[in-house]
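Enquirer: Numbering (full-length UniProt numbering), first residue to last: 1 to 125.
Glycine residues also receive a C-beta, built at the ideal position from the N, C-alpha and C atoms.
Only a predicted model underlies this, so the values are computations on that prediction, with no experimental measurement involved.
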């Protein structure tokens with residue numbers, strides 16, 4: 001069973017980087033790459049998604065607000081927030097985000113989050 005993932009980042013360069021990393025990981029189904037949080041929310045509302053990797057600082061809606069809105073859904077995805085500002089980790093913790101990765105991130109850090117997700121799913125089953 002593959003893990004359905006969505007990526008959100010207003011930086012085209014970082015969106016491409018994270019998309020590339022996720023496509024290289026076995027067991028990941030990249031369902032969408034979005035440069036706006038609003039579009040990602042609409043997609044997740046209409047499609048089953050397991051994980052969302054999102055930038056925190058974006059012009060329309062922040063990644064923190066995105067995560068909070070997604071967690072209101074009946075079967076919400078887990079949200080991993082990405083930021084170059086370490087102070088946002090406290091905000092991520094307050095909304096109970098699944099994870100927080102400080103930019104610049106590495107493929108190893110992304111894989112670690114996915115492995116953690118897999119472990120959590122095994123514990124629930």
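Excluding the 5 residues flanking residue 107 on each side, which residues of the same chain have their C-beta closer than 6 Å to its C-beta?
Expert: So the qualifying residues of the chain are 21.
Enquirer: Can you give the beta carbon distance from residue 90 to residue 79, rounded, assuming they're within the 8 Å contact cut?
Expert: Not really, about 15 Å apart at Cβ, beyond 8 Å.
Enquirer: How many Å lie between residue 62 and residue 39 at the Cα?
Expert: Near 13 Å, if we compare the C-alpha coordinates of residue 39 and residue 62.
Enquirer: Near residue 34, which residues of its chain fall below 6 Å by C-beta distance, leaving aside the five closest residues on each side in sequence?
Expert: 8 and 40, listed in sequence order.
Enquirer: Please list the terminal residues of the continuous beta strand (DSSP E) segment that includes residue 101.
Expert: It spans 99-102 - the beta strand (DSSP E) in which residue 101 sits, taken as one unbroken run.
Enquirer: Below 8 Å on the Cβ atoms is my contact criterion, and I expect residue 14 with residue 55 to pass it. Report the Cβ-Cβ distance as a whole number of Å.
Expert: Sure, about 7 Å apart at Cβ, within 8 Å.
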